[in-house]
Amino acid sequence: MCCLFVGAVVVSADESADADTATVSFWNDVRPIFQAHCQGCHQPAKKGGEYDMTSLENLFKGGESEEAAIVPGDPAGSNLIGQITPSDGAAEMPKNAKPLTDADIAKITKWIAAGAKDDTPESARRRFDSDNPPTYSAAPVITAVAISPDGNLVAVSGYHEVLLHETDKLIAGDATNAGRLIGMSERIESVAFSPDGKMLAVAGGSPGRLGELQIWNVADRAMVFSNAVTFDTCYGASWSPDGKLVAFGCPDNTVRAIRVEDGKQVLFNGAHNDWVLDTVFSVKGTNLVTVSRDRSMKLMEVATERFIDNVTSITPGALKGGLHAVDRDPAKDELLIGGSDGVPKIYRMFREQDRKIGDDFNLIRKFPEMPGRVFDVSYSKDGKKIVAGSSYNGNGHVHVFETESGKKLAEMKDVDGAIYTAAFNPDATIVVSGGFSGNLLVHDAATGERKSIVVPVPLDKTQIANK
6 MCCLFVGAVV VSADESADAD TATVSFWNDV RPIFQAHCQG CHQPAKKGGE
56 YDMTSLENLF KGGESEEAAI VPGDPAGSNL IGQITPSDGA AEMPKNAKPL
106 TDADIAKITK WIAAGAKDDT PESARRRFDS DNPPTYSAAP VITAVAISPD
156 GNLVAVSGYH EVLLHETDKL IAGDATNAGR LIGMSERIES VAFSPDGKML
206 AVAGGSPGRL GELQIWNVAD RAMVFSNAVT FDTCYGASWS PDGKLVAFGC
256 PDNTVRAIRV EDGKQVLFNG AHNDWVLDTV FSVKGTNLVT VSRDRSMKLM
306 EVATERFIDN VTSITPGALK GGLHAVDRDP AKDELLIGGS DGVPKIYRMF
356 REQDRKIGDD FNLIRKFPEM PGRVFDVSYS KDGKKIVAGS SYNGNGHVHV
406 FETESGKKLA EMKDVDGAIY TAAFNPDATI VVSGGFSGNL LVHDAATGER
456 KSIVVPVPLD KTQIANK
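Just so we're aligned, residue 6 is where the sequence shown starts under my numbering, counting upward by one.
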C-alpha cells in the first residue's frame, strides 16, 4: 500500500511539472481570452484607447499611452500585464467588467515570458477593416436583409461586413453601396434596425471560433460596441420596442440579451435543446420569444430571465422539424413563424387556457404550404400582410399573404435560387429578398413582378478576369 501511495505522489508531481513547463499557445490559449474579454472594445472598427488587439503587430505596439503593450520575454515590462492585473480586486482592464481570472492572467504572462510567439494558422491571418475591405470575385450567399424604418436604407449581409444601400437606387438597379460596416465576424446571420432607425444590430461570427453581436451607429457608419460570446456564430438579433435591449440566439442552445447603453448582458436562458435561430420581443417588451432547431417556440420573461411556456405544441410528432424564423404583429402579441414544414403559422403569444397533451391551442392560423423549408417570415408595418421565403431543391419562393384571411396575394416572379431572407419596405409596396445566388431581388409586392436584380457587393473585376 505504501508503494502504491508513493507512486501516486510521484505521478502527481510529474504531471505538475509538465503543466509548469507546457507551452502556452497564442492561438489556442491566449487569443480566446482576448477574443472573449478584450476585442469587443479593441478592434479596427472600435479602437478603445487607440489600441487594436486583433492583430499581433498592433497587440505588441499598444495604444495611446505609447508604452509597449507586450515585450517578448519580459512580462514585467509589458504594459498589458499591468493593465489586467488586479489591485485590491479591481483591474484597469477589461474596463467596467470583472478582472480576468488568475488562470487567464497566468496564461498570458507565461506566453509573454516564453517570447510571445505567434502560432496563428496561415488561413486565419487575413484581416479586414475600412482601409482593407473585403474583395469579391463572386457574390456571397445573402443570409440577412433589413429595411430601415423610414424605408430609405437596405442593410445586406456580406463577408466580414454589412453593406448599406439606398432603397431608391436598388429599385432602379443601381448597386452602388452607401456604406460598408466591416467587423470581425466573417459570417453575418442577422441584421436589424433599431425602432428609430439610428442603430443597426448585427449577429454573426466565425464558425467554430467566434460568436459576435455588433451594434452600429447608422448615420456615422461607426461601431458602437461589439460583444464576443460563445465559440460559434450567433443568430436572430431583435430590438426591444423601446430600443434599449437587443436579444439574439446562440448555437450553444442559449438566448441572450444585452443592454445597448453599456453592452451588459441582462438575459441568459438555456431552455432550448438546440441552436436558437431567431428572437422577438412582446409589444410591451416584457417578454421575449425564441425559436430553435429543437422544433419549439418558447416564451421568456425578460426581467427574471425565466422560461415561462412553450408557445407551440409539445406533443411528440406535432412539429415537423426545426423553426427558423419568428416575427411579431406590430400592434399585438401574435407571432408569425416559419420552419422546416414549409407552413407559415400565426400563434398567440400568451396562453388563455391550461395546456393539454395533444393540443396546439395557441395556433391561430395556418397559411398555404410553401415548397420546402421556410427560412424567413415578416409582417408588414401595418400588420395586414406577411411575406415568407422558402427553398426546395435549389429553387426559391417568396409569397405574400393576407394576414387575416390567410389568402395568398402574390408570388414573386423570376426568383433565382434558394431564398433565405425577405422583407417588406414600410408601406409594403416592395419586397426585398436574397439567398444562395448572392443576388438581391426587388419585387413589386402586389403583382410579384421583379423590379430589379443587383449584386450588392462590389465585384473585383481583376479577380474575375484572372479566374
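Just so it is clear, CB atoms sit at the ideal spot from N, CA and C, and this is done for glycine as well.
Just the Cα atoms here: how many angstroms apart are residue i and residue j?
i, j, result
"Ala108", "Glu71", "28 Å"
"Cys7", "Ala111", "A caution first: Cys7 carries a pLDDT of 37, below 50, which makes its placement in the model too unreliable to give a value."
"Ala224", "Asp465", "27 Å"
"Ala206", "Ser195", "8 Å"
"Thr59", "Met189", "9 Å"
"Met305", "Ala330", "17 Å"
"Phe286", "Pro246", "7 Å"
"Tyr164", "Asp57", "21 Å"
"Pro154", "Ala428", "12 Å"
"Gly453", "Ile391", "14 Å"
"Asn222", "Val229", "6 Å"
"Gly68", "Phe273", "33 Å"
"Val161", "Arg226", "14 Å"
"Ile233", "Lys412", "Inspection of the sequence shows that residue 233 is occupied by Ala rather than by Ile. Whole-angstrom Cα-Cα distance: 43 Å."
"Pro138", "Asn367", "47 Å"
"Val146", "Val437", "15 Å"
"Val382", "Leu446", "16 Å"
"Phe372", "Ala308", "34 Å"
"Gly45", "Lys51", "8 Å"
"Gly202", "Leu250", "14 Å"
"His47", "Asp123", "19 Å"
"Thr291", "Val29", "45 Å"
"Gly388", "Ser231", "32 Å"
"Asn157", "Ser457", "16 Å"
"Arg36", "Ile113", "9 Å"
"Ile4", "Asn101", "The question about residue 4 has no answer, for the chain in this structure spans 6 to 472."
"Gln40", "Pro200", "30 Å"
"Phe31", "Pro463", "34 Å"
"Ala336", "Lys289", "10 Å"
Which residue from the options puts its Cα closest to that of residue i?
i, options, result
"Asn315", "Asn278, Arg370 and His170", "Asn278"
"Lys174", "Leu205, Thr317 and Ala183", "Ala183"
"Asp419", "Asn444, Ser195 and Ala428", "Asn444"
"Glu374", "Ala151, Val207, Ile187 and Phe406", "Phe406"
"Gly78", "Gln44, Ala118, Asp93 and Phe39", "Ala118"
"Pro49", "Ser135, Gly453 and Trp116", "Ser135"
"Thr140", "Leu158, Trp116, Thr148 and Leu168", "Leu168"
"Trp244", "Ile89, Ser231 and Phe198", "Phe198"
"Arg311", "Lys337, Ala336 and Val260", "Val260"
"Tyr397", "Asp421, Arg132 and Glu217", "Asp421"
"Asp364", "Asp387, Thr317 and Lys337", "Thr317"
"Pro212", "Asp201, Cys255, Gly202 and Lys249", "Cys255"
"Ala415", "Arg298, Lys51, Ala451 and Lys52", "Ala451"
"Trp280", "Asp299, Thr291 and Arg264", "Asp299"
"Lys361", "Gly388, Asp387 and Ile319", "Ile319"
"Ala81", "Lys115, Lys337, Lys389 and Gly388", "Lys115"
"Ala143", "Ser442, Ser457, His448 and Arg455", "Ser442"
"Thr295", "Ala336, Val265 and Gly344", "Gly344"
"Arg132", "Glu62, Ser92, Pro200 and Gly178", "Glu62"
Go through its chain and collect everything with a Cβ distance to residue i's Cβ below 7 Å, but skip five positions before and after it.
i, result
"Ala180", "Val459, Val460 and Pro461"
"Gly347", "Glu374, Met375, Pro376, Gly377, Arg378, Val379 and Ser395"
"Arg4", "The structure shown does not extend to residue 4, since the chain is modelled only from 6 through 472, so no value can be given for it."
"Gly210", "Ser190, Arg192, Gly216, Glu217, Asp237, Thr238 and Cys239"
"Thr148", "Ser162, Ile193, Glu194, Tyr425 and Thr426"
"Ile75", "Leu64, Phe65, Ser83, Leu85, Ile117 and Ala121"
"Arg264", "Lys249, Leu250 and Val271"
Quick test of your reading: residue i and residue j, contact by CB under 8 Å. State the CB separation rounded to the nearest angstrom.
i, j, result
"Ile220", "Met204", "6 Å"
"Ile176", "Ile342", "No, Ile176 and Ile342 are not in contact; Cβ-Cβ is about 29 Å, not under 8 Å."
"Glu171", "Arg185", "Contact flag wrong, Cβ pair sits at about 14 Å."
"Pro349", "Ala393", "5 Å"
"Met302", "Leu282", "At roughly 11 Å, the Cβ-Cβ gap does not stay under 8 Å, so Met302 and Leu282 are not in contact."
"Pro99", "Cys43", "6 Å"
With a threshold of 8 Å on Cβ separation, who are the neighbours of residue i within its own chain once the five nearest residues in sequence on each side are excluded?
i, result
"Glu339", "Arg333, Ile351, Tyr352, Arg353, Met354 and Ile369"
"Ala2", "Because the chain in this structure spans residues 6 to 472, residue 2 falls outside the shown range and cannot be described."
"Val150", "Val159, Ala160, Val161, Ser162, Val196, Thr426, Ala427, Ala428, Val437, Ser438, Gly439 and Leu445"
Using a Cβ-Cβ cutoff of less than 6 Å, which residues in the same chain neighbour residue i once the five nearest sequence positions on both sides are dropped?
i, result
"Thr26", "With a pLDDT of 44 at Thr26, under the threshold of 50, the modelled position of this residue cannot be trusted, and the question is left open."
"Ala252", "Ser243, Ala262, Thr284 and Leu293"
"Asp257", "Thr235"
"Glu409", "none"
"Ala276", "Lys303 and Phe312"
"Lys385", "At residue 385 the sequence reads Ser, which differs from the Lys that was named. The residues are Phe429 and Ala433."
"Ile152", "Val159, Ala428 and Asn430"
"Ala208", "Glu194, Ser195, Leu218, Cys239, Tyr240, Ala242 and Phe253"
Quick one: is residue i near chain C, going by C-beta distance under 8 Å?
i, result
"Glu194", "Among the protein chains of the structure shown there is no chain C, as only one such chain exists."
Less than 7 Å between the CB of residue i and some heavy atom of the ligand ZN, yes or no?
i, result
"Asn222", "Looking for the ligand ZN in the displayed structure turns up nothing, as the structure carries no ligands at all."
Could you check whether the segment 258 to 271 touches the segment 322 to 340, counting it as contact only if at least three pairs of C-beta atoms, one from each stretch, sit closer than 8 Å? Pairwise C-beta distances place the segment 258 to 271 out of contact with the segment 322 to 340, as fewer than three of them are shorter than 8 Å.
Does the segment 352 to 363 come within contact of the segment 397 to 415, defined as at least 3 CB pairs closer than 8 Å? no
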